[in-house]
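K.L.:
The following block contains the structure, expressed as structure tokens.
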Amino acid sequence: KQEVTQIPAALSVPEGENLVLNCSFTDSAIYNLQWFRQDPGKGLTSLLLIQSSQREQTSGRLNASLDKSSGRSTLYIAASQPGDSATYLCAVLDSGNTPLVFGKGTRLSVIA
Amino acid sequence: EPEVTQTPSHQVTQMGQEVILRCVPISNHLYFYWYRQILGQKVEFLVSFYNNEISEKSEIFDDQFSVERPDGSNFTLKIRSTKLEDSAMYFCASSEWERGEKLFFGSGTQLSVL
């Protein structure tokens, strides 16, 4: 059964710092991996989707990498801003007919 | 930008009562989902729906739960007899083409069962 773990659970950084959020998954036979952003009391916003054949995806200041063989993904946020403060969720879709499996998230606070 | 709309944003109900959570997916999307998140826990899959039938469901989605697409726009989740442990944020999501496409989530319905 696929398990997704995110470390750290919470992170606080000063504005302008570059940072890395980590995601690991136990079964490397994945179809794709998505990173979501969740604001308090709000829904989930898809940030980046990496297919199993891809190594990374970029969107603005965000870069997500995927190392399927080691069961790891990272989300890199460059030049962090207070508006980046949110919970970041990693979710994996397996190759079989199984649903999206989420990690518990990393709660990010960017301090001005 | 098109978005998934959920109503109500908050629902308070007594244990044993029926609730219906409503969702309007993005209009050209074909795959619909319900997920839930109990406070402090992971987002969990409940059910997926395609071509007017359930395509996958989790162990959570027992016979107290049902889904329906009553017309061309709405997608509903019904809980027949709510329990305290059903208290959670319920998210509706949709995707355009097929399983594996980017999911678009609604802002959720916070269900509180008293």
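Residue numbers (our numbering), protein chains in the order written: chain A, 1 to 112; chain B, 1 to 114. Every residue, glycine too, gets a C-beta built ideally from N, C-alpha and C.
#1: Taking C-beta pairs closer than 7 Å, name the residues in chain B that A:Phe-102 reaches, listed in chain order.
#2: Thinking just about the alpha-carbon of each residue, which of B:Asp-62, B:Ile-26, B:Val-113, B:Gln-14 is nearest to the one in B:Gly-72?
#3: Can you name, in chain order, every residue of its own chain whose Cβ lies under 6 Å from the Cβ of A:Val-101, other than the five neighbours on each side?
#4: Do you know offhand how far B:Gly-106's Cα is from A:Pro-40's?
#5: Quick one: list the residues of chain B neighbouring A:Ser-49, beta-carbon separation under 7 Å, in chain order.
#6: Residues in the same chain with beta-carbon distance under 6 Å from B:Phe-75, minus the five sequence neighbours each way, listed in chain order, please.
#7: Could you tell me whether any Cβ in chain A is nearer than 7 Å to the Cβ of B:Gly-106?
#8: In the structure shown, what three-state DSSP assignment does A:Pro-14 receive?
#9: How about A:Lys-42: is its C-beta nearer than 7 Å to some C-beta of chain B?
#10: Any Cβ of chain A within less than 7 Å of the Cβ of B:Phe-49?
#11: Check whether chain A comes within 7 Å of B:Glu-1, counting only Cβ atoms and requiring the distance to be less than that.
#12: Measure from the C-beta of A:Pro-8 to each C-beta in chain B and report whether the shortest distance is under 7 Å.
#13: Quick check: the stretch 58 to 75 of chain A against the stretch 7 to 14 of chain A, are there 3 or more CB pairs under 8 Å?
#14: How about A:Ser-46: is its C-beta nearer than 7 Å to some C-beta of chain B?
#15: Looking at C-beta atoms only, is the number of pairs between the stretch 1 to 21 of chain B and the stretch 46 to 54 of chain A that lie closer than 8 Å three or more?
#16: When the cut-off is 7 Å and only beta carbons count, does A:Pro-99 lie next to chain B?
#17: From which residue to which residue does the beta strand (DSSP E) around B:Met-60 run?
P.N.:
This is what the structure gives:
#1: At a beta-carbon threshold of 7 Å, the residues of chain B lying near A:Phe-102 are Lys-42, Val-43, ordered along the chain.
#2: Comparing C-alpha distances from B:Gly-72 to each of B:Asp-62, B:Ile-26, B:Val-113, B:Gln-14 shows the shortest one belongs to B:Ile-26.
#3: The answer, listed in chain order, is Gln-2, Val-4, Val-92.
#4: Their Cα atoms are separated by approximately 13 Å.
#5: It should be noted that the sequence gives Leu, not Ser, for residue 49 of chain A. Near A:Leu-49 (Cβ distances below 7 Å), the residues of chain B are Lys-102.
#6: Closer than 6 Å at the Cβ level, and outside the excluded window around B:Phe-75, lie Cys-23, Pro-25, Phe-32, Arg-69.
#7: Taking a beta-carbon distance threshold of 7 Å, B:Gly-106 counts as an interface residue toward chain A.
#8: Here A:Pro-14 sits in strand by DSSP.
#9: So yes, A:Lys-42 belongs to the interface.
#10: No, B:Phe-49 lies away from the interface with chain A (no Cβ there is under 7 Å from its Cβ).
#11: It does not: the Cβ of B:Glu-1 has no partner Cβ on chain A nearer than 7 Å.
#12: Chain B, which has no Cβ nearer than 7 Å to the Cβ of A:Pro-8, makes this no.
#13: The stretch 58 to 75 of chain A makes no contact with the stretch 7 to 14 of chain A: fewer than 3 CB pairs, one atom from each, lie closer than 8 Å.
#14: It does; some Cβ of chain B falls within 7 Å.
#15: Too few Cβ pairs lie closer than 8 Å, so no.
#16: Interface with chain B (7 Å Cβ-Cβ cutoff): A:Pro-99 is included.
#17: Correcting the residue identity first, residue 60 of chain B is Ile in this sequence and not Met. Boundaries cannot be given for B:Ile-60, as no beta strand (DSSP E) includes it and DSSP labels it neither H nor E.
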